[in-house]
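The opening position of the sequence shown corresponds to residue 75 in this note's numbering, with each subsequent residue numbered one higher.
Beta carbons: idealized from backbone N, C-alpha and C, even for Gly.
Since we're looking at a predicted model, the values are computed, not measured.
Note sheet for the following structure.
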Amino acid sequence: MSYITTVTGKHFYPLNPDQQNIDIEDIAHALSLICRANGHFRHFYSVAQHSLACAEEAAARGHSLAVVHGCLLHDASEAYLCDVTRPVKKHIPAYLQAEEKLQAVIWKRFIGRELTEAEQAQIFEIDDHILSMEFHLLMPEDLNEDYRKLQSDCACAPQAPQEVKAQFIRVQRILRHEAVMQEAEHLLRDGNGTERLPQLLNALESYYTSAAWKQDLAADEAGLLPQKLKRGVLSEDGIFDLLERAHHHPISVQVPKT
75 MSYITTVTGK
85 HFYPLNPDQQ
95 NIDIEDIAHA
105 LSLICRANGH
115 FRHFYSVAQH
125 SLACAEEAAA
135 RGHSLAVVHG
145 CLLHDASEAY
155 LCDVTRPVKK
165 HIPAYLQAEE
175 KLQAVIWKRF
185 IGRELTEAEQ
195 AQIFEIDDHI
205 LSMEFHLLMP
215 EDLNEDYRKL
225 QSDCACAPQA
235 PQEVKAQFIR
245 VQRILRHEAV
255 MQEAEHLLRD
265 GNGTERLPQL
275 LNALESYYTS
285 AAWKQDLAAD
295 EAGLLPQKLK
305 RGVLSEDGIF
315 DLLERAHHHP
325 ISVQVPKT
């Protein structure tokens, strides 16, 4: 058998990944149950918690939306491949190739493109700095003092996997729709996007009228989102203003009714 069965019942081929079979539910679920450091931390601390910490740090540093999103998903391949410790991984070229291929497909699936070398460098730097803090708080020795460079509060506290899974899905959903809003605003400013713009507006309207948007707004009001996370998509005025501007767009745009 060359596929794995995911929690949502999909047959996924890790060595021949299909974008359409990559599900954020599968990723969040698996990563929330996989412990960092091969289980050698003082308490259970999941890959999903690490990923959320990386995304929060990227937001705190003012990095682009793509880099924040990339940080959240930078270990998503482990949901399908599992993790291998760094000292071992570097000696398994086949694993490294599979990981690189799958990670690129995951980023393209959710961000819409592969990330540049500069963007990946920012992600990997944050990854190392968060790892430094994890060693500082959860291991019997420090790795280095890179944790002092962090601009966010990475407490590495115990959390229930189901809560981490929900937060992972929530943050990814907000990032995805924030990117949709930014792209729509860019097309409106440029006065083009006859084919693409209606798709983006429909996606925003669907999100805005969904139960998920209300849940995300409630989470924001409860202080559950990273402080510096961009979330203009949770603003009613922001969405209404965007749709109103679309009504006066110089090209023919079918604006959804709210």
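Quiz item: Leaving out the 5 sequence neighbours to the left and right, which residues in its chain are closer than 8 Å to R319 when beta-carbon positions are compared?
Solution: For R319, where only same-chain residues beyond five positions count, the Cβ hits under 8 Å are L262.
Self-check item: Secondary structure of S280, DSSP reduced to three states
Solution: In the three-state reduction of the DSSP assignment, S280 falls in the helix class.
Practice problem: Please check the pair V238 and S106, which I expect to be a contact at CB under 8 Å, by giving their CB distance rounded to whole angstroms. | Solution: S106 and V238 do touch by the CB rule: their CB atoms are close to 4 Å apart, below 8 Å.
Quiz item: Roughly how many angstroms lie between the CA atoms of Q94 and R183, to the nearest whole one?
Solution: Here the alpha carbon of Q94 sits roughly 8 Å from the alpha carbon of R183.
Practice problem: Could you give the DSSP three-state label for C109: helix, strand or coil? | Solution: The answer is strand: DSSP assigns C109 an E or B state.
Quiz item: Tell me, which residues are paired with I78 by DSSP?
Solution: BP columns for I78 point to F86.
Quiz item: Going by alpha carbons, who is nearest to F118 out of A277, R270, I108?
Solution: Nearest to F118 by alpha-carbon distance, out of A277, R270, I108, is I108.
Quiz prompt | Sub-8 Å separation of H148 and S120 beta-carbons | solution = The answer is no: Cβ separation not under 8 Å.
Self-check item: Element boundaries [alpha helix (DSSP H), containing Y333]
Solution: Past the edges of the chain, shown from 75 to 332, lies residue 333, and the structure says nothing about it.
Quiz prompt | Simplified DSSP state of G265, which is helix, strand or coil | solution = Coil.
Practice problem: Have a look at A240 and A133 and give me their C-alpha separation to the nearest angstrom. | Solution: Their Cα atoms are separated by approximately 19 Å.
Exercise. Kindly confirm or deny that the region 137-145 and the region 185-192 touch, where touching means at least three C-beta pairs closer than 8 Å.
Key: Yes, the region 137-145 is in contact with the region 185-192.
Quiz item: Under the three-state reduction of DSSP, which class applies to S206: helix, strand or coil?
Solution: Helix at S206.
Exercise. Compare the beta carbon distance of L139 and L155 with 8 Å and say whether it is the shorter of the two.
Key: L139 is not a Cβ neighbour of L155, given a cutoff of 8 Å.
Quiz item: Between E252 and E259, what straight-line distance do the alpha-carbon atoms span, to the nearest angstrom?
Solution: Separation of E252 and E259 (C-alpha to C-alpha, rounded to the nearest whole angstrom) is 11 Å.
Practice problem: Counting only runs of 4+ residues fully inside the region 160-218, write out the alpha helix (DSSP H) ranges in chain order. | Solution: Whole alpha helix (DSSP H) segments, 4+ residues: 160-163, 167-185, 191-212.
Quiz prompt | Expected contact under 8 Å - CB spacing of I248 and D290 to nearest Å | solution = Right, their Cβ atoms sit about 6 Å apart.
Quiz item: When you compare only the Cα positions, how much space is there between L278 and R305?
Solution: Straight-line spacing of the CA atoms in L278 and R305 works out to 13 Å.
Quiz item: DSSP on P91, reduced to helix/strand/coil?
Solution: Looking at P91 - three-state DSSP - the assignment turns out to be coil, as it is neither helix nor strand.
Quiz prompt | DSSP three-state assignment for G144, whether helix, strand or coil | solution = The three-state secondary structure of G144, taken from DSSP, is helix.
Quiz item: Any idea if S326 is buried or exposed, counting beta-carbon neighbours within 10 angstroms, 16 or more meaning buried?
Solution: Confidence at S326 is low in this model, with a pLDDT of 46, below 50, so the placement of that residue should be treated as unreliable; the coordinate-derived value is given next. Flag for S326 reads exposed.
Quiz item: Under the rule that 16 or more other beta-carbon atoms within 10 Å means buried, what is I166, buried or exposed?
Solution: So I166 counts as exposed.
Self-check item: CB of M207 within 8 Å of CB of F115, strictly
Solution: A distance of 8 Å or more separates the beta carbons of M207 and F115.
Quiz item: Just to confirm, are A122 and F209 a CB contact at a threshold of 8 Å?
Solution: At the C-beta level, A122 and F209 stay beyond 8 Å of one another.
Quiz item: For E131 versus L224, is the C-beta distance shorter than 8 Å?
Solution: Yes; because the gap between Cβ atoms is below 8 Å, this pair is in contact.
Self-check item: Same chain, Cβ closer than 8 Å to E215, neighbours up to 5 away in sequence not counted
Solution: Excluding the 5 residues flanking it on each side, E215 has same chain C-beta neighbours closer than 8 Å at F209, in chain order.
Quiz item: From H103 to G297, what distance separates their C-alpha atoms?
Solution: Using only the alpha carbons, I get a separation of about 23 Å.
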